[in-house]
Amino acid sequence: MTGDIRALLSRHLPGYRVHSVTRLGHGLDNMVYEVNDELLVRLGQAADPLSHRQEVGRLAVVRELSPLPVPDVVFADDEAGAIAYRKLGGEPLLRNPLIDPALLAEPLGRFLTAIHGAEPDRMRPLAPLDLYPAPTQLQDAELDYRDVERHVPEDQRPLVERFLRAKPPDEPRSLRFCHNDLGAEHVLVDGEATITGIIDWTDAAITDPAHDFALIYRDLGPEVFELTAAHYGPGLDEDDRGRVRFYARCALIEDLAYGLSTGPGYYADAALAHLPWTFS
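Residue numbers (the UniProt record's numbering): 1 to 280.
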């Protein structure tokens, strides 16, 4: 596979000298390689030219809007299912447990204000509409929970089971352009608690803005969520907050199931660590 990466670079960056190619990891749909400690090349499991063109286009718009760094596309190859980006500094917040997440609330609030402020009509050609009805999410969460229930500490199971029996929230009144996967693994920070990048825009969509806040709630806790919301221009009402908590809980169960099956184990570790504040 490293030969494929070298061939791509030769085709799109003639004269670029490749000193090292390192496989960083993979997700459900992609494999990521680092080149010369300065480029990241993502290879899709299946080529999707329309999806690639949309991602390149929306990242160009996001770079205009975002007060925080986002990936800069160097080249895209629709036929090979590849996109190359310049590597951003910092490390995923998920791997920086000593960082005080409260220090990130203000920049995250400004970031979400800017991104959610994008005109939906401008973004619709560049991002899909993501409609995932709350009752369906709850049903899926219950199925996932039954698969992983034995891994949840016995004293915490009632928290999850009470949620699964509750009525799902009403649907949102409006939809906006969202990152749609703003977990701690996609927020890069340096040792000074400065956000150095927001990465992985493959799931970006026109959807409920509460989805972006939900992963802040899940990964950084309710207090950091409220601090972030305080810096969010449009504001959040109680209905919004109810959907944030609902999405956060569904997402935690999904991550727990993923980490205990095909995904990296740290997803399950983080889910179990964050379960008390997410469900209490």
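The beta carbon of each residue, even a glycine, is placed where N, CA and C say it ideally should be.
Annotated as proximal: residue 175 and residue 120, with beta-carbon spacing under 8 angstroms. Going by DSSP, residue 77 is part of the beta strand (DSSP E) stretching over 73-77. In this structure, DSSP gives residue 34 an extended state, which the three-state scheme calls strand.
Per DSSP, the unbroken alpha helix (DSSP H) holding residue 164 starts and ends at 157-165. The beta-bridge partner set that DSSP reports for residue 177 consists of 206. The alpha-carbon separation between residue 85 and residue 194 amounts to approximately 21 angstroms. The alpha-carbon of residue 60 is positioned some 28 angstroms away from that of residue 95. In this model, residue 269 and residue 151 are separated by some 11 angstroms (Cα to Cα).
Straight-line spacing of the CA atoms in residue 23 and residue 216 works out to 28 angstroms.
Only residues of its own chain outside the window of five on either side were considered, and among them 87 have a CB closer than 6 angstroms to the CB of residue 38, listed in chain order.
Residue 67 and residue 77 have their C-alpha atoms some 28 angstroms from each other. Inclusion of residue 256 and residue 271 in the CB contact set at 8 angstroms is warranted, their separation being smaller than that value. Judged by DSSP secondary structure, residue 262 falls outside any alpha helix (DSSP H); it is assigned neither H nor E. Less than 8 angstroms divides the Cβ of residue 57 from the Cβ of residue 126. In this chain, residue 6 is not harboured by any beta strand (DSSP E); it is covered by the alpha helix (DSSP H) spanning 2-12.
Assignment of beta-bridge partners to residue 91 by DSSP yields 189. As DSSP reads the structure, residue 22 sits in a beta bridge with 34. Assignment of beta-bridge partners to residue 17 by DSSP yields no partner.
Taking 8 angstroms as the cut-off, the Cβ atoms of residue 278 and residue 218 count as close. Nearest neighbour of residue 191 by Cα position, chosen from 36, 128 and 99, turns out to be 99. By the C-beta criterion, the region 233-242 is judged not to be in contact with the region 155-163, since fewer than 3 inter-stretch pairs fall below 8 angstroms. Cβ neighbours of residue 223 within its own chain (closer than 6 angstroms, five residues either side excluded): none. The alpha carbon of residue 132 has as its nearest neighbour, out of 207, 101 and 15, the alpha carbon of 207.
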